[in-house]
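Chains as they are written, first to last, in my numbering: chain Z, 166 to 493; chain Y, 130 to 286. Built from N, CA and C at the ideal position, the CB exists for glycine as well. Owing to the predicted nature of the structure, the values given are computational and were not obtained by experimental measurement. Structure, as structure tokens:
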Amino acid sequence: MGQEGKYAYAVTRIRVLETRLLDRGKIDRMLDARDAASALRVLSETEYAEVMGELVEGERYEEILGAELKRVYQVVGSFSPDPDLVDLLRSRYDFQNLKVLLKAGHLGIDRDDLLVDLGCIPPDRLKDMAAGDFSDLPPAYRQVVAEAQEEFSSTGDPQIIDLVIDRGMYEYLYTNARVDFLRGYLRRLIDLTNIKTAMRLKRSRAGVIRWAFLPHGSVDPRLLLEAVREPWDAFGPKFATTDYAAVVEEGLRQLEAAGTLAGYECLVDEYLLTYLRQAKYVAFGPEPILAYLLAKELEGRLVRLIMVGKINNLPKETIKERLCDVYA
Amino acid sequence: MEMGLVLGLLGAGLAVLLAGTGSAIGVGLTGQAASGAVSEDPDMFAKSLILQIIPGTQGIYGFLIGFLTIQRLGFLGGGLASISVETGLSLLMACLPIGLVGLTSAIAQGKVAATGVSLVAKRPEELAKAMIFAVMVEFYAILAFLVSFLMLQGVTI
Numbered sequence: 166m167g168q169e170g171k172y173a174y175a176v177t178r179i180r181v182l183e184t185r186l187l188d189r190g191k192i193d194r195m196l197d198a199r200d201a202a203s204a205l206r207v208l209s210e211t212e213y214a215e216v217m218g219e220l221v222e223g224e225r226y227e228e229i230l231g232a233e234l235k236r237v238y239q240v241v242g243s244f245s246p247d248p249d250l251v252d253l254l255r256s257r258y259d260f261q262n263l264k265v266l267l268k269a270g271h272l273g274i275d276r277d278d279l280l281v282d283l284g285c286i287p288p289d290r291l292k293d294m295a296a297g298d299f300s301d302l303p304p305a306y307r308q309v310v311a312e313a314q315e316e317f318s319s320t321g322d323p324q325i326i327d328l329v330i331d332r333g334m335y336e337y338l339y340t341n342a343r344v345d346f347l348r349g350y351l352r353r354l355i356d357l358t359n360i361k362t363a364m365r366l367k368r369s370r371a372g373v374i375r376w377a378f379l380p381h382g383s384v385d386p387r388l389l390l391e392a393v394r395e396p397w398d399a400f401g402p403k404f405a406t407t408d409y410a411a412v413v414e415e416g417l418r419q420l421e422a423a424g425t426l427a428g429y430e431c432l433v434d435e436y437l438l439t440y441l442r443q444a445k446y447v448a449f450g451p452e453p454i455l456a457y458l459l460a461k462e463l464e465g466r467l468v469r470l471i472m473v474g475k476i477n478n479l480p481k482e483t484i485k486e487r488l489c490d491v492y493a
Numbered sequence: 130m131e132m133g134l135v136l137g138l139l140g141a142g143l144a145v146l147l148a149g150t151g152s153a154i155g156v157g158l159t160g161q162a163a164s165g166a167v168s169e170d171p172d173m174f175a176k177s178l179i180l181q182i183i184p185g186t187q188g189i190y191g192f193l194i195g196f197l198t199i200q201r202l203g204f205l206g207g208g209l210a211s212i213s214v215e216t217g218l219s220l221l222m223a224c225l226p227i228g229l230v231g232l233t234s235a236i237a238q239g240k241v242a243a244t245g246v247s248l249v250a251k252r253p254e255e256l257a258k259a260m261i262f263a264v265m266v267e268f269y270a271i272l273a274f275l276v277s278f279l280m281l282q283g284v285t286i
């Protein structure tokens, strides 16, 4: 009975929730909308309506997206048989907030507007901890913060905070992700992020620092370093034997054509989405729950891209180029 | 009480107990899945209920075989039959197919029916297909029930 009895309720509930994810039709209608306000009206016909309430101005899409994710995390967290895994996904927002607080602290400015209320620790509480030298933080977080502070004080470069915290975050996520499906997802995300970092470093011709690449990837860091040092022609073939050959090849082509990494990022989302879709074949297990949460985040990114495009009056085709597919 | 009677009773008990346990697990699992669906979409109730009933049949088959056995032992009026150890063992054997196959098939069917609820949650128009998948498992429970029934009829008291 074990696995079945544990997940029968949760997985079925997730299947119903999945039907409420934005489908291609809704996305296209948002794209076709005349302006930001009409795009939001399409959104108000979906499950986003619950959190939208009075928020009808196109410019306030960020609040809507935040409230919707918060609602979803609360609902799924309430019935998931693995609340620790839901919390693990939420911990990413804690790290994001810690970055903001550390950088703002060092620069002596107030950037509370950048804090998101999606993590395991409420932003207000994190702020209090930041004021008290972070000594109340959970030990795993505190270690990462201490490392970031140490590196910052020796280099004085605020960017190092981002790098150290990202590294610490992936270390934390990977070691606590006790489900193979989630580890597989993280490994792919880490690899593709590392390849993106390599592309970026190569473009900016900046020196490679030891924090640049994330741990726990399946692509050898030496390969990544070689790719950065050798000419562009050798970049693609370096990854020809990995699972990411097609993504890298197409990404490089788009980088050359458009001059930005947006195309590659879109391909990465598509690749990860294909991986997440495996959860559709799992009848009893944590996979559908994790895939739903990650798909919901991806959906938020799509909506954000559309809203930003609409607010800036970009043509439909320009926005569409950057949109990846939907989970459903 | 004679040993033969005791063995016959053991058979009747096992038929009801094993098949009933299987059905309870199967119906319970499907019920959990159904609750998940109904909590988000109350319209799912009727469709989920149809699927939830399917793993319940094994319990009914087990009950029927158990009932017939008790009847043949004479517990339902007309005085207890006089039964040898061999006859008692034969009755026990006759009860085993539906008992064991009922247990395993009801659990397996419960899993199929629970995933069927997921299927219907995602595609409400596909209830018939979800039912067909679950009913495929029923076939083996029916075979076991038939064999138990024929064996029971074959035992002369």
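- Only exposed fits residue 380 of chain Z, as fewer than 16 other CB atoms lie within 10 angstroms of its CB.
- DSSP places residue 381 of chain Z in the coil class of the three-state scheme, outside both helix and strand.
- Between residue 390 of chain Z and the set Z:370, Z:194, Z:414, the nearest pair of CA atoms involves Z:370.
- Secondary structure note for residue 489 of chain Z: it is in no alpha helix (DSSP H), with a DSSP letter that is neither H nor E.
- Among the CB atoms of chain Y, none fall inside 7 Å of the CB of residue 365 of chain Z.
- A distance of 7 Å or more separates the beta carbons of residue 262 of chain Y and residue 276 of chain Y.
- Excluding the 5 residues flanking it on each side, residue 233 of chain Y has same chain C-beta neighbours closer than 8 Å at 151, in chain order.
- Sixteen is the threshold: since fewer than 16 other Cβ atoms of the shown chains lie within 10 Å of the Cβ of residue 478 of chain Z, the residue is exposed.
- Annotated three-state conformation of residue 252 of chain Y is coil, per DSSP.
- Taken through DSSP and simplified to helix, strand or coil, residue 167 of chain Z comes out as helix.
- The beta-carbon of residue 277 of chain Y is placed no less than 7 Å from the nearest beta-carbon of chain Z.
- In this structure, DSSP gives residue 404 of chain Z a state outside helix and strand, which the three-state scheme calls coil.
- Residue 193 of chain Z and residue 252 of chain Y have their C-alpha atoms roughly 22 Å apart.
- Between the segment 236-248 of chain Z and the segment 449-463 of chain Z there are three or more C-beta pairs closer than 8 Å, enough to call the two in contact.
- For residue 204 of chain Z, the enclosing alpha helix (DSSP H) covers residues 201-208.
- The Cβ of residue 206 of chain Y sits no closer than 7 Å to any Cβ of chain Z.
- Under the Cβ distance rule, residue 149 of chain Y does not count among the residues neighbouring chain Z, no pair being separated by less than 7 Å.
- Neighbours of residue 266 of chain Y in chain Z, taken as residues at a C-beta separation under 8 Å, are lacking, since the least C-beta distance is about 15 Å.
- Within the same chain, 202, 209, 210, 212, 217 come within 8 Å of residue 134 of chain Y by CB-CB distance, once the 5 residues on both sides are set aside.
- If you check the CB distance, residue 274 of chain Y and residue 227 of chain Y come in under 7 Å.
- Rounded to whole angstroms, the separation of the alpha carbons of residue 487 of chain Z and residue 423 of chain Z is 12 Å.
- Residue 243 of chain Y is positioned such that its CB atom lies closer than 7 Å to that of residue 159 of chain Y.
- Look at the beta carbons and you see the segment 189-207 of chain Y not touching the segment 469-476 of chain Z: under three pairs across the two are nearer than 8 Å.
- Cα atoms of residue 383 of chain Z and residue 229 of chain Z: separation of roughly 36 Å, rounded to the nearest angstrom.
- A residue is called buried once 16 or more other Cβ atoms fall within 10 Å of its Cβ, and residue 288 of chain Z is buried on that count.
- Contact check for residue 449 of chain Z and residue 172 of chain Z: beta-carbon distance about 4 Å, within the 8 Å limit, so the pair qualifies.
- When the five nearest sequence neighbours on each side are left out, the beta carbons in the same chain lying within less than 6 Å of the beta carbon of residue 143 of chain Y are those of 224, 228, in order along the chain.
- For the options Y:258, Y:136, Y:265, the alpha carbon positioned closest to that of residue 195 of chain Y is the one of Y:136.
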